[in-house]
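Going by our numbering, the sequence shown opens with residue 595, and the numbers climb by one from there.
Ideal Cβ positions, reconstructed from N, Cα and C, are used throughout, including at glycine.
All figures in this text were calculated on a predicted structure; none of them were measured in a lab.
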Amino acid sequence: MIEYIDGTDLKSLIRQKGQFSIEDTVGLMVQACAGIGYAHRAGLVHCDVKPHNMLVSRDFRLKVTDFGIARALATIHPEERSEIVWGSPHYFSPEQAAGAAPSPASDVYSLGVILYEMLTGRVPFESKDSTELARMHRDEIPLPPRRLNPTIPESLEEITLKVLSKEPSARYRTADQLGRVLLSFGHLNQDKTGPIVLPQTGNAKPSSHLEFSEPPIGPDAFPQYPDSYDEPEEDDTKPNPGIDWATWGLGLLAFTAVLGLIPFWLFIYLSFRP
Numbered sequence: 595m596i597e598y599i600d601g602t603d604l605k606s607l608i609r610q611k612g613q614f615s616i617e618d619t620v621g622l623m624v625q626a627c628a629g630i631g632y633a634h635r636a637g638l639v640h641c642d643v644k645p646h647n648m649l650v651s652r653d654f655r656l657k658v659t660d661f662g663i664a665r666a667l668a669t670i671h672p673e674e675r676s677e678i679v680w681g682s683p684h685y686f687s688p689e690q691a692a693g694a695a696p697s698p699a700s701d702v703y704s705l706g707v708i709l710y711e712m713l714t715g716r717v718p719f720e721s722k723d724s725t726e727l728a729r730m731h732r733d734e735i736p737l738p739p740r741r742l743n744p745t746i747p748e749s750l751e752e753i754t755l756k757v758l759s760k761e762p763s764a765r766y767r768t769a770d771q772l773g774r775v776l777l778s779f780g781h782l783n784q785d786k787t788g789p790i791v792l793p794q795t796g797n798a799k800p801s802s803h804l805e806f807s808e809p810p811i812g813p814d815a816f817p818q819y820p821d822s823y824d825e826p827e828e829d830d831t832k833p834n835p836g837i838d839w840a841t842w843g844l845g846l847l848a849f850t851a852v853l854g855l856i857p858f859w860l861f862i863y864l865s866f867r868p
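And the structure:
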């Protein structure tokens with residue numbers, strides 16, 4: 595059974611509002627990161643992160659929906675995943691656009707597209723042709739958000755452009771990491787943007803503004819991970835295989851057999867000696 599949400603999807607809100615305030619953007623994105631991060635911790639990749647799949651209630655609680663592709667991906671053999679293009683063209687990652695298998699960093703890129711859209715009122719890349727959109731995600735650099743909205747703090751622009759990096763290793767590793775960074779940004783900049791806190795679990799009243807309290811989703815909701823992908827180093831130390839008793843036994847048997855043949859060959863030699 596699907597939970598009823600008294601509200602609308604985030605895409606509709608973006609169409610209505612255009613550019614969101616900094617505090618509203620960060621408050622909603624932290625919730626989105628918590629939802630996607632929960633899937634990442636369960637070993638799932640959403641694969642189709644977009645504002646259409648995020649429901650926002652009247653008191654500005656955000657719920658991530660439509661994990662159907664994630665479940666479908668989990669049933670497909672890893673070697674076959676790259677044969678299918680996952681996601682929506684305006685929001686999928688460069689690697690998805692290239693037909694590669696998605697990873698948690700792919701979801702992070704899609705979250706970055708939504709972050710960019712909420713801050714500027716438009717997506718980073720726009721085209722009616724899905725093939726052209728795929729090319730733009732792979733090859734083009736998005737216009738810096740502050741060019742479209744000068745009120746965006748430089749540090750938030752840096753975060754946005756980082757998650758829109760072409761290389762997955764240059765982004766945050768998971769949605770949890772991005773959520774933790776955004777939460778930290780909110781706390782450090784609350785004197786400029788207003789407090790970034792999170793929805794109350796109690797009887798929150800409808801509001802046109804984000805009125806959040808910390809407990810439901812705070813820093814503890816985001817486990818600690820490295821800031822980016824690091825390739826594992828080769829381990830030159832080999833595990834001690836222990837004593838191979840079967841090999842020792844065969845060697846001992848062969849040695850005994852050779853010893854047994856020595857008297858026989860000595861007898862032959864002495865018998866035929868002139």
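Annotated as distal: Gln-625 and Asn-743, with beta-carbon spacing of 7 angstroms or more. Proximity of the region 712–723 to the region 689–700 falls short of the contact definition, fewer than three beta-carbon pairs being nearer than 8 angstroms. The C-beta distance from Pro-683 to Leu-727 rounds to 4 angstroms, short enough to fall under 8 angstroms.
Each residue's CA atom was taken as its position, placing Pro-738 and Arg-635 some 31 angstroms apart. Boundaries of the alpha helix (DSSP H) harbouring Gly-780: 769–782, taken from the DSSP string. In terms of Cα proximity to Glu-734, the closest of Pro-645, Thr-619, Arg-652 and Ser-687 is Ser-687. Bounds of any alpha helix (DSSP H) do not take in Gly-601; it lies within the beta strand (DSSP E) bounded by 601–603. Counting C-beta pairs closer than 8 angstroms gives fewer than three between the region 608–623 and the region 751–764, which falls short of the contact rule. The alpha-carbon separation between Ala-769 and Val-717 amounts to approximately 19 angstroms. Ranked by how close their Cα comes to the Cα of Ser-606, the residues Asp-653, His-640, Pro-696 and Asn-647 have Asn-647 in first place. When only Cα atoms are considered, Gly-631 and Asp-618 end up about 20 angstroms apart. For the beta strand (DSSP E) assignment, the uninterrupted runs of no fewer than 3 residues enclosed by the region 606–664 are, from N- to C-terminal side, 648–651 and 656–658. Separation of the CB atoms of Val-643 and Leu-709 is rounded to 11 angstroms, and the pair is thereby denied contact status at 8 angstroms. With distances taken between CA atoms, Pro-736 lies nearest to Glu-751 out of Glu-751, Thr-745, Pro-747 and Thr-725.
Comparing C-alpha distances from Ala-695 to each of His-640, Ala-628, Ala-633 and Ser-651 shows the shortest one belongs to His-640. Shown here, Leu-758 sits in coil according to DSSP, grouped into three states, outside any helix or strand.
About 6 angstroms separates the beta carbon of Asp-600 from that of Arg-652, a gap short enough to meet the 8 angstroms contact definition. If you draw a 10 Å sphere on the C-beta of Glu-761, you find fewer than 16 other C-beta atoms in it, and that means exposed.
Between Ala-692 and Arg-732 a beta carbon distance of about 6 angstroms is seen, short of the 8 angstroms cut, so the two are scored as contacting. Boundaries of the alpha helix (DSSP H) harbouring Pro-688: 688–691, taken from the DSSP string. Membership of Pro-698 in the alpha helix (DSSP H) is indicated by the continuous run 698–714. Scanning Thr-745, Gly-715, Gln-690 and Met-712 for the CA closest to the CA of Thr-725 turns up Gln-690.
Residue burial is scored here from C-beta neighbours: Glu-748 has fewer than 16 other C-beta atoms within 10 angstroms and is therefore classed as exposed. Judged by beta-carbon spacing, Ile-753 lies beyond the 7 angstroms limit of Leu-713, meaning their Cβ atoms are not closer than that value. For His-731, the three-state secondary structure derived from DSSP is helix.
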